[in-house]
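Numbering of the sequence shown is given in our numbering, commencing with residue 3 and proceeding in unit increments.
Virtual Cβ for every residue (Gly too), placed ideally from N, Cα, C.
Structure, as C-alpha coordinates:
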Amino acid sequence: MIERLWPAHRLLERAERRVKLLPLVELLDTADITGSTIAAALYRHRKAPSDEALAEAVDGVVALAAIVRELQERQKAWESPNPS
(Lines of atoms letter the chains of each structure in order from A; the text may use other names.)
(Lines give C-alpha, C1' and ligand atoms only; values in the text may rest on other atoms or scores of the structure.)
Protein backbone atom coordinates (compact mmCIF):
# COMPACT_ATOMS: atom_id res chain seq x y z
CA MET A 3 0.00 0.00 0.00
CA ILE A 4 2.80 2.43 0.84
CA GLU A 5 4.28 1.80 -2.61
CA ARG A 6 0.96 2.92 -4.08
CA LEU A 7 0.79 6.12 -2.03
CA TRP A 8 4.38 7.17 -2.57
CA PRO A 9 3.95 8.21 -6.24
CA ALA A 10 0.63 9.92 -5.45
CA HIS A 11 2.11 13.34 -6.13
CA ARG A 12 2.89 12.23 -9.69
CA LEU A 13 -0.64 10.93 -10.09
CA LEU A 14 -1.94 14.24 -8.76
CA GLU A 15 0.17 16.23 -11.24
CA ARG A 16 -1.12 14.16 -14.16
CA ALA A 17 -4.71 14.45 -12.96
CA GLU A 18 -4.35 18.21 -12.56
CA ARG A 19 -3.13 18.55 -16.15
CA ARG A 20 -6.11 16.56 -17.42
CA VAL A 21 -8.79 18.41 -15.46
CA LYS A 22 -7.56 21.84 -16.59
CA LEU A 23 -8.68 20.92 -20.11
CA LEU A 24 -12.24 19.98 -19.15
CA PRO A 25 -15.20 22.35 -19.52
CA LEU A 26 -17.04 22.98 -16.24
CA VAL A 27 -19.96 20.63 -16.99
CA GLU A 28 -17.60 17.76 -17.80
CA LEU A 29 -15.52 18.55 -14.72
CA LEU A 30 -18.59 18.29 -12.48
CA ASP A 31 -19.69 15.07 -14.20
CA THR A 32 -16.20 13.66 -13.71
CA ALA A 33 -16.33 14.55 -10.00
CA ASP A 34 -19.64 12.72 -9.67
CA ILE A 35 -18.38 9.62 -11.47
CA THR A 36 -15.12 9.65 -9.50
CA GLY A 37 -17.01 9.81 -6.21
CA SER A 38 -19.08 6.81 -7.26
CA THR A 39 -15.93 4.94 -8.28
CA ILE A 40 -14.35 5.58 -4.88
CA ALA A 41 -17.48 4.39 -3.07
CA ALA A 42 -17.70 1.23 -5.19
CA ALA A 43 -14.02 0.41 -4.69
CA LEU A 44 -14.26 0.87 -0.93
CA TYR A 45 -17.40 -1.27 -0.81
CA ARG A 46 -15.63 -4.05 -2.76
CA HIS A 47 -12.64 -3.77 -0.43
CA ARG A 48 -14.89 -4.01 2.62
CA LYS A 49 -16.63 -7.12 1.30
CA ALA A 50 -13.42 -8.83 0.13
CA PRO A 51 -10.24 -6.96 1.06
CA SER A 52 -7.92 -6.57 -1.90
CA ASP A 53 -5.02 -4.35 -2.83
CA GLU A 54 -6.59 -3.77 -6.24
CA ALA A 55 -9.80 -2.30 -4.82
CA LEU A 56 -7.87 -0.19 -2.34
CA ALA A 57 -5.56 1.07 -5.10
CA GLU A 58 -8.59 2.02 -7.21
CA ALA A 59 -9.97 4.00 -4.27
CA VAL A 60 -6.63 5.77 -3.77
CA ASP A 61 -6.48 6.67 -7.47
CA GLY A 62 -10.02 8.04 -7.22
CA VAL A 63 -9.18 10.16 -4.19
CA VAL A 64 -6.17 11.61 -6.00
CA ALA A 65 -8.31 12.39 -9.05
CA LEU A 66 -11.00 13.96 -6.88
CA ALA A 67 -8.38 16.12 -5.15
CA ALA A 68 -7.26 17.42 -8.55
CA ILE A 69 -10.85 18.16 -9.53
CA VAL A 70 -11.54 20.05 -6.29
CA ARG A 71 -8.34 22.06 -6.68
CA GLU A 72 -9.29 22.99 -10.25
CA LEU A 73 -12.80 24.01 -9.18
CA GLN A 74 -11.29 26.22 -6.46
CA GLU A 75 -8.94 27.84 -8.98
CA ARG A 76 -11.80 28.53 -11.38
CA GLN A 77 -13.91 29.99 -8.58
CA LYS A 78 -11.06 32.31 -7.57
CA ALA A 79 -10.70 33.42 -11.19
CA TRP A 80 -14.43 34.15 -11.44
CA GLU A 81 -14.48 36.08 -8.17
CA SER A 82 -11.42 38.21 -8.81
CA PRO A 83 -12.10 41.55 -10.47
CA ASN A 84 -10.99 41.81 -14.07
CA PRO A 85 -8.37 44.51 -14.57
CA SER A 86 -9.58 46.87 -17.29
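Buried versus exposed call for residue i [16 or more other C-beta atoms within 10 Å across all chains shown]
i: Glu81; result: exposed
i: Ala79; result: exposed
i: Val27; result: exposed
i: Val1; result: With the chain running from 3 to 86 in the structure shown, residue 1 is simply not present.
Check: residue i C-beta below 7 Å from any heavy atom of the ligand SAH
i: Leu26; result: Looking at this structure, you won't find the ligand SAH or any other ligand, since it has none at all.
Candidates the options, of which the one nearest residue i by Cα
i: Arg19; options: Ala79, Pro83, Thr39 and Glu72; result: Glu72
i: Leu56; options: Glu28, Ala43 and Ala68; result: Ala43
i: Ala41; options: Arg12, Arg76 and Glu58; result: Glu58
8 Å Cβ cutoff met for residue i and residue j
i: Ala68; j: Leu14; result: yes
i: Ala17; j: Val64; result: yes
i: Thr32; j: Gly62; result: no
i: Val21; j: Leu29; result: yes
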